[in-house]
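Reviewing the structure listed below.
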Amino acid sequence: MKPVVLAGGTGSRLWPKSRAALPKQFLSLTSDSTMLQDTITRLNGTDAEAPVFICNDAHRFLVAEQLRKKNIKHGGILLEPVGRNTAPAIALAALHATKNGEDPILLVLAADHLIKDQSAFHSAIIKAGALANEGKLVTFGIVPDQPHTGYGYIKAGNVLNVGFEVADFVEKPELDTAKQYVESGDFFWNSGMFMFKASRYVEELSKYNPEILKICRRAIETEAPDLDFIRVDSEIFATCPDDSIDYAVMEKTDSAAMVPLDAGWSDVGSWTSLWETANKDGNGNVCVGDTILENTKNSYVNAEQRLVSVIGLEDVIVVETKDAVMVAHKDDAQSIKNVVNKLKAEKRPEFEFHREVFRPWGSYDSIDSGARFQVKRITVKPGEKLSVQMHHHRAEHWIVVSGSANVTIDDSTQLVTENESVYIPIGAVHALENPGKIPLELIEVQSGAYLGEDDIVRFSDRYGRVEKK
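Numbering (the UniProt record's numbering), first residue to last: 1 to 469.
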């Protein structure tokens with residue numbers, strides 16, 4: 001069994017914690033580990049091989065770093081040049097898995113789901129594997145514990161040895177219809193998790209959506225390794241139709257089967273769902289971070305940076321980060337996406353980035369800024385190096401707080417240690433490297449007429465970020 005982990009996502013529904021550059025699968029929301037890490041570690045005790053991951057180019061180093069931190073071995077990180085939904089993504093994984101004549105069973109998982117009962121999950125995997133070996137395309141149907149209008153439903157058909165045939169896939173219903181589904185006992189939530197032989201998915205995709213398969217075959221013919229990553233032809237893949245596995249294959253095939261799963265599952269699709277699945281205090285509140293609540297009930301309060309106090313409220317969500325505060329009624333949590341859309345339309349940085357931005361070499365935290373200056377705290381991991389670069393519009397002062405830095409300015413390189421500083425003039429070609437064994441921390445003061453991140457001309461970069469001409 002080879003897990004295929006879909007690690008895409010844009011981070012809109014759990015803003016301000018989740019953002020385009022750091023969506024929820026890379027956050028620690030339901031445990032001390034990130035959701036991506038939990039997705040893999042909950043497979044411990046199964047016969048799973050090293051998983052294959054699928055993500056976009058912008059998130060590739062986040063995936064690699066989170067796997068490294070947990071010492072998780074992988075079978076490849078496939079990079080989607082553009083988002084084309086789940087059917088093409090899974091096609092790339094299936095073609096990659098069968099390129100050497102092998103035909104593994106693929107367990108397709110989302111990187112951002114919560115599953116509380118690991119034992120029940122393992123049992124469902126075994127049942128699904130038996131059906132997959134018979135040539136079935138298996139989906140996992142969540143046993144509903146309440147009427148829910150945010151999920152699609154699967155109607156169970158004829159009974160199989162360890163599951164059911166799929167009678168129908170149903171779109172997200174109105175509340176009254178959802179109540180009827182749950183009362184009938186014949187309907188299950190559509191989890192978006194699947195299991196099938198790689199070759200069977202390719203066969204059914206060829207039958208029902210051959211254009212997707214043809215383009216994915218062409219795109220992956222010239223797959224190119226790049227560090228931990230596998231790149232496909234971006235121009236070819238961009239021509240692929242945008243379609244989900246449900247529409248492209250599962251709703252059309254006559255080989256669809258379902259295994260029920262009752263394991264405390266949630267897609268963590270909103271702050272309300274996080275409140276629903278978390279442990280609550282005597283007043284029904286869920287608190288994370290430095291919080292003080294007074295006369296407050298049935299609320300979710302998450303404080304990242306500062307003390308947050310909530311007084312005299314009920315059924316609210318309060319989320320604080322370094323650069324934003326969001327307050328919402330639990331019943332209106334889905335409207336957060338409207339706020340995110342406004343941020344995007346106004347081109348505000350809070351749409352895409354946190355104040356602290358992670359890079360493959362470390363991170364930077366924007367501490368302060370004004371009309372012609374910006375102050376950042378920069379952390380460089382041991383042995384890492386930023387790109388050799390130049391700025392047209394800004395000069396920089398670097399003050400080393402801890403660790404040591406190899407600083408190259410034009411043709412000169414010098415070692416800068418704690419409490420020392422260095423100046424980089426406008427137009428100077430420069431680079432920063434941590435040669436030591438501990439993290440390098442420095443304060444960077446930028447000054448100039450334009451301070452945007454796009455005022456970077458890279459000449460060389462060990463992370464493949466130099467544009468090819």
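The beta carbon of each residue, even a glycine, is placed where N, CA and C say it ideally should be.
Only residues of its own chain outside the window of five on either side were considered, and among them A124, F140 and I142 have a CB closer than 6 Å to the CB of L261, listed in chain order.
The straight-line gap separating the alpha-carbon atoms of A87 and K385 is approximately 38 Å. In the three-state reduction of the DSSP assignment, K322 falls in the coil class, being assigned neither a helical nor a strand state. Measuring C-alpha to C-alpha distances from A111 to each of P147, G152 and G11 identifies G11 as the nearest. Residue environment analysis places H391 among the buried positions, since at least 16 neighbouring C-beta atoms fall within 10 angstroms of its C-beta.
One alpha carbon belongs to A89, the other to K330, and they sit about 33 Å apart. Contact between I72 and I40 holds, with the beta-carbon distance rounding to 5 Å and staying under 8 Å. When C-alpha distances from L293 are compared across V308, A130 and E304, the shortest belongs to V308.
Here DSSP, grouped into helix, strand and coil, assigns V143 to coil.
The continuous beta strand (DSSP E) containing T379 extends over residues F373 to V380. DSSP places F61 within a helical segment (H, G or I) once states are collapsed to three. Per DSSP, the beta-bridge partners of G448 are R394. Per DSSP, G129 is one residue of the alpha helix (DSSP H) stretching across Q118 to N133. Of Y151, I456, A405 and A238, the smallest CA-CA separation from E420 is found for A405. Judged by pairs of C-beta atoms under 8 Å, the region 181-193 does not touch the region 287-306, as fewer than three such pairs exist. Around the beta-carbon of H354, 16 or more other beta-carbon atoms lie within 10 Å, marking it buried. Within the same chain, and ignoring the five residues on either side of I438 in sequence, the residues whose Cβ sits closer than 6 Å to its Cβ are G403. If you compare the alpha carbons of D243, T253, K376 and N283 with that of G312, the shortest gap goes to N283.
Rounded to whole angstroms, the separation of the alpha carbons of P225 and T321 is 37 Å. At the C-beta level, I409 and I424 come within 8 Å of one another. Taking the Cα of L92 as reference, the smallest distance to any Cα among A20, L213, L442 and G264 is reached at L213. The residue from F358, E453 and S363 with its alpha-carbon nearest to that of Q374 is E453.
Inside the region 192-278, DSSP marks whole beta strand (DSSP E) runs of 3 or more residues at positions 224-226, 229-231 and 256-261, from first to last along the chain. Taking 8 Å as the upper bound for CB-CB distance, L131 and A257 are in contact here, some 5 Å apart. Taking G264 as the centre and dropping the five residues before and after it, the same chain places the C-beta of K116 and D117 closer than 6 Å to its C-beta, in chain order. Rounded to the nearest whole angstrom, the C-alpha separation of E80 and A198 is 19 Å.
Beta-bridge analysis with DSSP links L114 to S266.
Looking at the DSSP output, I105 sits in a beta bridge with K197. Contact between S244 and N56 is ruled out by a C-beta separation of about 17 Å, above the 8 Å threshold. Per DSSP, the continuous alpha helix (DSSP H) segment holding T41 begins and ends at M35 to T41. Ranked by Cα distance from G8, the options E165, A20 and L14 are led by A20.
If you ignore the 5 residues before and after K136, its C-beta comes within less than 6 Å of the C-beta of S255 and A257, all in its own chain and listed in chain order. Within the DSSP secondary-structure output, Y151 pairs in no beta bridge. V380 is not a Cβ neighbour of I443, given a cutoff of 8 Å. With respect to the 8 Å criterion, A449 and R372 are classified as neighbours on the basis of their beta carbons. Take the alpha-carbon of L109 and the one of L43: they are about 11 Å apart.
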